[in-house]
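> First to last, the protein sequences are chains W and L. For the first sequence, position 80 (counting from the first letter as 1) is numbered 80 according to the working numbering, and the numbering increases by one without interruption. For the second sequence, position 93 (counting from the first letter as 1) is numbered 1093 according to the working numbering, and the numbering increases by one without interruption.
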Amino acid sequence: MPRDWSELFVTGEPAADAPAPASAAADAEPQRRRFLGRLRESLSRTREALSGELAATLAVPEDEAGWERLEEALVMADVGARTTAEVVGRLEAEAQGGGLEGRALTERLAELLAEIARGDDDLIDITARPAVILLVGVNGTGKTTTAGKLAYQLRHRLGKSVLLAAADTFRAAATEQLEAWAQRAQCPVVTGTPGSDPGAVAFDALAQARTRGCDVVLIDTAGRLHTQDALMDELAKVRRVIAKQAPGAPHETLLTVDATTGQNGLRQAALFAEAVGVGGIVLTKLDGTARGGIALAIARELGIPVKLIGVGEGLEDLRPFDADDFARALLE
Amino acid sequence: MSVFDSLADKLQGTLSELRGHGTLTEDDVNRAMREIRLSLLEADVNLRVVKQFTATVRERCLGAQVVGQLNPGQQVVKIVSDELTSLMGGAARDLSFSPRPPTVVLLAGLQGSGKTTVAAKLARHLHTEHRSSVALAACDLQRPAAVEQLVTVGGQVDAAVYEQGTGAAPADVARWALERAVSEGKDVLIVDTSGRLHVDRELMEELAEIRRTIKPHDVLLVLDAMTGQDAINVAEQFGETVRFDGVILTKLDGDARGGAALSVKAVTGTPIVFASTGERLEQFERFHPDRMAQRILGMGDVMSLIEKAERQFDEREAEELEHKLRRNEFTLEDFLSQLRQIRRMGPLTSVLGMLPGIGAQLKGAKVDERELDRIQAIILSMTPEERRRPELIKGSRRLRIARGSGTSVQAVNQLVKQFDQMRKLLRQLGSGRMPDLGALMRQGR
Ligand SMILES: Nc1nc2c(ncn2[C@@H]2O[C@H](COP(=O)(O)OP(=O)(O)O)[C@@H](O)[C@H]2O)c(=O)[nH]1
Ligand SMILES: [Mg+2]
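1. Considering only residues of the same chain and omitting the five flanking positions on each side of residue 1102 of chain L, which have a CB-CB separation below 7 Å?
2. Within 8 Å of any Cβ in chain L, is that where the Cβ of residue 243 of chain W sits?
3. Smallest Cα separation from residue 1404 of chain L: which of L/1414, L/1263 and L/1374?
4. Can the beta-carbon of residue 1157 of chain L be found closer than 8 Å to that of residue 1281 of chain L?
5. In angstroms, rounded to a whole number, what distance separates the CA positions of residue 1458 of chain L and residue 282 of chain W?
6. Report yes if the C-beta of residue 1025 of chain L is less than 7 Å from at least one heavy atom of ligand 2; otherwise report no.
7. When Cβ atoms are compared, which residues of the segment 284-296 of chain W fall closer than 7 Å to chain L?
8. Hey, quick one: how far does the beta strand (DSSP E) through residue 167 of chain W stretch, first residue to last?
9. Use the C-beta contact count for residue 1096 of chain L: other C-beta atoms within 10 angstroms, 16 or more gives buried, fewer gives exposed.
10. Keeping to the same chain, check which residues put their C-beta closer than 7 Å to that of residue 295 of chain W; ignore five residues upstream and five downstream.
11. Using a threshold of 7 Å, is the CB atom of residue 280 of chain W nearer than that to any non-hydrogen atom of ligand 1?
12. Skipping 5 residues on each side, what residues in its chain have a beta carbon closer than 7 Å to that of residue 236 of chain W?
13. So, using beta-carbon positions, are residue 1166 of chain L and residue 1141 of chain L closer together than 8 Å?
14. Are the CB atoms of residue 1227 of chain L and residue 1204 of chain L nearer to each other than 8 Å?
15. Touching or not, the segment 1260-1271 of chain L and the segment 1110-1120 of chain L, by the rule of three or more beta carbon pairs under 8 Å?
16. When burial is assigned at 16 or more other CB atoms within 10 Å of the CB, is residue 151 of chain W buried or exposed?
17. Assuming residue 293 of chain W is part of the alpha helix (DSSP H), what are its boundary residues?
18. Between residue 1227 of chain L and chain W, is any beta-carbon pair separated by less than 8 Å?
19. Only counting the same chain, and skipping five residues up and downstream in sequence, which positions put a Cβ closer than 7 Å to that of residue 302 of chain W?
20. Quick one, are the C-beta atoms of residue 1192 of chain L and residue 1119 of chain L less than 8 Å apart?
21. How big is the Cα-Cα spacing for residue 1196 of chain L and residue 1238 of chain L?
22. Once DSSP output is grouped into helix, strand and coil, what is the label at residue 280 of chain W?
23. Would you mind telling me which residues of chain L sit closer than 9 Å to residue 78 of chain W, beta carbon to beta carbon, in chain order?
24. Name the residues in the segment 238-262 of chain W whose C-beta lies less than 7 Å from a C-beta of chain L; which are they?
25. Residues of the segment 1246-1264 of chain L in Cβ contact with chain W at a cutoff of 8 Å, in chain order, please.
26. How would you list, in chain order, the residues of chain L whose beta-carbon sits under 9 Å from the beta-carbon of residue 176 of chain W?
27. Under the rule that 16 or more other beta-carbon atoms within 10 Å means buried, what is residue 1257 of chain L, buried or exposed?
28. Sort W/241, W/317, W/311 and W/291 by Cα distance to residue 75 of chain W and report the nearest one.
29. Considering only the alpha carbon of each residue, which of L/1235, L/1378 and L/1178 lies closest to residue 1413 of chain L?
30. Does residue 1118 of chain L get closer than 8 Å to chain W when you measure Cβ to Cβ?
31. Please name the residue in W/267, W/120, W/285 and W/191 whose C-alpha comes closest to that of residue 309 of chain W.
32. Closer than 7 Å to a non-hydrogen atom of ligand 1 - does that hold for the CB of residue 256 of chain W?
33. Along the segment 1174-1202 of chain L, where does the CB come closer than 9 Å to a CB of chain W? Name the residues.
34. Taking only the alpha-carbon atoms, compute the straight-line gap between residue 1083 of chain L and residue 1260 of chain L and give it to the nearest angstrom.
35. Take residue 1218 of chain L as the anchor and find which of L/1168, L/1416 and L/1248 has the nearest alpha-carbon.
36. Determine the contact status of residue 1046 of chain L and residue 1293 of chain L, defining contact as a CB-CB distance below 8 Å.
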């Protein structure tokens, strides 16, 4: 259960937070304090709210209506009927068998949800040099923004040198958008000309990463619907290019899923996984009112865990996924 | 016993079961309502809306006289379909053009919903349908390079793009753009804005200010068709702040059933005006409420499905397939491509069940999407040679395929055997146009 950046990444180095690189140390320090302060604050707020509301929701499931309300809460969070039925069914069985009630029932439900959400492997391995991370997903889900934020975290929190690759050569001004993020994160970026082969940009980026001795390469790709076979094939080709250039690469493929997405998210994950293999989900836009329950269905049905969450449009608005917090928020 | 127990039996199944009963009992109606409820939730219609809807339909079903040609089951289908269509909104609606140009259109929505692309598509649409001269105002000053994006796509549709970089306040840019549109005699000004969360007070106030400044004739909410339960919160909040007059539904070319459209219509009463159906700038059309109703329900009439099937099945490919079938050259490669084409049309239960011929074959058989996923994975793990000549698949090849697809040797064996049987079956059928997936599924049990 990663809660801290250094716990999320497998670096092959001692576990302590790497110091920020000298160039950025001066301004990174106050930012960092602010970040952790805010994080703590918001988490305790959630917790307080939760213990109250959760207890209220769950005091009742002695009767039908209580169970139904519970199911409804999960459905309203986009968990989907199938997964909801499963989880609530399991809880109900445990409650009847083991006399779970009140507080214990509350805790058990949160546990069950977290267990599902967590999956087996929710870490990101960046021991390879360079470690290659590929970002894929449907249009507008937050790939480019995530690339920028992740580059920033890797550089300023883990002290890694990061190279960004603008392999979205399709959407108008996508390269300019990533360039703006590269500037914010203070990372170099490799670009191609509009309409050029995205595989070629990825190829260039890997070659440059080698000569520059970069630690991590983040490859941003064009958004596409999982139903567009030709575009999915193109993505598979980009992946093959990467694999040929560096054995074992990409070392991580992240699918961005917008937290407001409904049941279609499951199809997205299934088809992206089929085309390029997906190691983890980045659940974006959790700063709104959507709970992102579809991620739970994705974890349960496809075994793909969430690894990162997006909570805003700022440089620091990306966090390691915390299954327990997520589970609790689903029931709020 | 809870609401979501028998999720596997779909609405379609229940309703076809109902057909043939003599009368419609209260029990039948309740059972049907449960399936409708589940089906609508799977389509992402908001729970609140689902409850209202099923209550209305239930009333009508119970009070309905069984008349004329329809049997009770068909009667339910008809009531559901009628209600949904009327809730979706009757006839297609257009923009309200101002008698004194320029007509000002303000686009608003969440981040990533597709506003900038829609701005250019709408410009193109108005230009081709109404011969309007259109200008676009670049008021998304938040997302990096959004102005550049609008300049590029605006150029592609020959619309003027009014931009002042990202230095000024969005409302000031909007006012300036409106003045310029007036002085340049434009027919329409479309204002692109930043994506924003409905709970972001500051940004929502910014949007309200743009609205007050330029007094648009049409405010359009741009909404992603894949949106889930949260759609009503979004619609209510945007409605409160900027009172939108219409909705543009985007990414409808995907396979989302688009229940969010119904949620938004039901809670705000605002009609959906346009649908965006692809990444190309001409893929934009007037919205058809009746088609959407069918899509959400996942039970389109046979005609529209056949139309869809015909569009998806490339004619030449179909002919080739027929040829292959006749000469017994149908391979696993072909099977995979057929499987993919069919699945692209939507969830198999709804698609296959409605195709003439296959519907009957499938009766009583449940199509398990995950089983199909497994089949696809197995075929994908074969070499092209193996797909063409499944008889090669023996011994170590079997093991390799099983490992590659994350299945078992047994599963691989079974698929090869089933495929062989299917080939035989197809040969008997002679010139059937579609492989009999129904039979394959049944053999899988
Ligand atoms: N509120 C919020 N907005 C986000 C988040 N992540 C991305 N966005 C916004 O969503 C929109 C689309 O993001 P972008 O990175 O361009 O998506 P892409 O098409 O997948 O590359 C932009 O306006 C981003 O600022 C998030 O976590 N929260
Ligand atoms: Mg992008």
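All C-beta atoms in this analysis are idealised placements derived from N, C-alpha and C, irrespective of residue type, glycine included. Computed from a prediction, not measured in an experiment: that's the story for all the values here.
In short, the structure shows the following:
1. By 1-based counting over the second sequence, the position of residue 1102 of chain L is 102. Cβ-Cβ distances below 7 Å link residue 1102 of chain L to 1181, 1182, 1186, 1187, 1188 and 1189 in the same chain, with the five nearest sequence neighbours on each side left out; the list follows chain order.
2. As a working note, residue 243 of chain W is residue 243 in the first sequence. By this cut-off, residue 243 of chain W is not an interface position.
3. Walking along the second sequence from the start, residue 1404 of chain L turns up at place 404. Out of L/1414, L/1263 and L/1374, L/1374 has the C-alpha closest to the C-alpha of residue 1404 of chain L.
4. Here the question's residue 1157 of chain L lines up with position 157 in the second sequence. Here the question's residue 1281 of chain L lines up with position 281 in the second sequence. A contact, by the Cβ cut-off of 8 Å.
5. Since the first residue of chain L shown is 1001 and the last is 1445, residue 1458 of chain L is not available in this structure.
6. The count along the second sequence starts at 1 and reaches residue 1025 of chain L at position 25. Result no, Cβ not under 7 Å from ligand 2.
7. Answer set for the segment 284-296 of chain W: 285, 287, 288, 289, 290 and 294.
8. The sequence position of residue 167 of chain W within the first sequence is 167, counting from 1. Looking at the DSSP string, the run of the beta strand (DSSP E) that includes residue 167 of chain W is 162-167.
9. The residue you call residue 1096 of chain L lines up with position 96 of the second sequence. Taking every protein chain shown into account, the CB of residue 1096 of chain L has fewer than 16 other CB atoms within 10 angstroms, so this residue is exposed.
10. If you number the first sequence from 1, residue 295 of chain W lands on position 295. The beta carbon of residue 295 of chain W sits closer than 7 Å to those of 117, 257, 281, 283 and 306, all from its chain and outside the five residues before and after it, given in chain order.
11. The residue labelled residue 280 of chain W in the question sits at position 280 within the first sequence. Residue 280 of chain W Cβ: outside cutoff for every heavy atom of ligand 1.
12. Working through the first sequence from its first residue, we reach residue 236 of chain W at position 236. Within the same chain, residue 236 of chain W has close Cβ partners 275 and 276.
13. Sequence index remark: in the second sequence, residue 1166 of chain L carries index 166 (1-based). Sequence index remark: in the second sequence, residue 1141 of chain L carries index 141 (1-based). For residue 1166 of chain L and residue 1141 of chain L, yes; Cβs fall inside 8 Å.
14. Here residue 1227 of chain L corresponds to residue number 227 of the second sequence, with the count starting at 1. Here residue 1204 of chain L corresponds to residue number 204 of the second sequence, with the count starting at 1. Not closer than 8 Å, so no.
15. Contact between the segment 1260-1271 of chain L and the segment 1110-1120 of chain L is absent, because fewer than three Cβ pairs lie under 8 Å.
16. Here residue 151 of chain W is taken as the residue at index 151 of the first sequence, counted from 1. When all chains shown are included, residue 151 of chain W counts as buried.
17. The residue you call residue 293 of chain W lines up with position 293 of the first sequence. It is not in any alpha helix (DSSP H) - residue 293 of chain W carries neither H nor E in the DSSP assignment.
18. Translated into the one-based positions of the second sequence, residue 1227 of chain L becomes position 227. Answer yes: the Cβ-Cβ gap between residue 1227 of chain L and chain W drops below 8 Å somewhere.
19. Locating residue 302 of chain W in the first sequence gives position 302, counting from the first residue. Taken in chain order, the residues that qualify are 269, 270 and 273.
20. Position 192 of the second sequence, counting from 1, holds the residue named residue 1192 of chain L. Position 119 of the second sequence, counting from 1, holds the residue named residue 1119 of chain L. Yes, the pair counts as a contact, with Cβ atoms nearer than the cut-off.
21. Stepping through the second sequence from its first residue, residue 1196 of chain L is reached at position 196. Stepping through the second sequence from its first residue, residue 1238 of chain L is reached at position 238. Looking at the two C-alpha atoms, the distance is approximately 10 Å.
22. On the first sequence, position 280 is the one that residue 280 of chain W refers to. Here residue 280 of chain W carries a strand assignment [DSSP, helix/strand/coil].
23. In the first sequence, counting from the first residue as 1, residue 78 of chain W sits at position 78. Contact annotation for residue 78 of chain W against chain L: 1044, 1228, 1229 and 1230 [CB-CB distance below 9 Å, chain order].
24. Across the segment 238-262 of chain W, CB contacts with chain L closer than 7 Å involve 258, 260, 261 and 262, in sequence order along the chain.
25. Against chain W - using a Cβ distance shorter than 8 Å - the residues of the segment 1246-1264 of chain L are 1251, 1253, 1254, 1255, 1256, 1257, 1259 and 1260.
26. Here residue 176 of chain W is taken as the residue at index 176 of the first sequence, counted from 1. Per Cβ cutoff of 9 Å: 1144, 1145, 1148 and 1149.
27. Here residue 1257 of chain L is taken as the residue at index 257 of the second sequence, counted from 1. The residue in question, residue 1257 of chain L, is buried, as its Cβ has 16 or more Cβ neighbours within 10 Å.
28. Along the first sequence, read from residue 1 onward, the residue named residue 75 of chain W stands at position 75. Checked all of W/241, W/317, W/311 and W/291; the closest Cα to residue 75 of chain W is W/291.
29. Along the second sequence, read from residue 1 onward, the residue named residue 1413 of chain L stands at position 413. Of the listed residues, the one whose Cα sits closest to residue 1413 of chain L is L/1378.
30. For the purposes of this step, residue 1118 of chain L is taken as residue 118 along the second sequence, with counting starting at 1. Interface residue (Cβ-Cβ distance to chain W less than 8 Å): residue 1118 of chain L is not classified as such.
31. By 1-based counting over the first sequence, the position of residue 309 of chain W is 309. Shortest Cα-Cα distance from residue 309 of chain W to any of W/267, W/120, W/285 and W/191 involves W/285.
32. In the first sequence, counting from the first residue as 1, residue 256 of chain W sits at position 256. Checking the Cβ of residue 256 of chain W against ligand 1 gives yes.
33. Listed by position along the chain: 1195, 1197, 1198, 1199 and 1200.
34. The count along the second sequence starts at 1 and reaches residue 1083 of chain L at position 83. The count along the second sequence starts at 1 and reaches residue 1260 of chain L at position 260. For residue 1083 of chain L and residue 1260 of chain L, the distance between alpha carbons rounds to 17 Å.
35. Within the second sequence, numbered from 1, the residue matching residue 1218 of chain L stands at position 218. Considering only alpha carbons, the answer is L/1248.
36. Within the second sequence, residue 1046 of chain L is the residue found at index 46, counting from 1. Within the second sequence, residue 1293 of chain L is the residue found at index 293, counting from 1. Not closer than 8 Å, so no.
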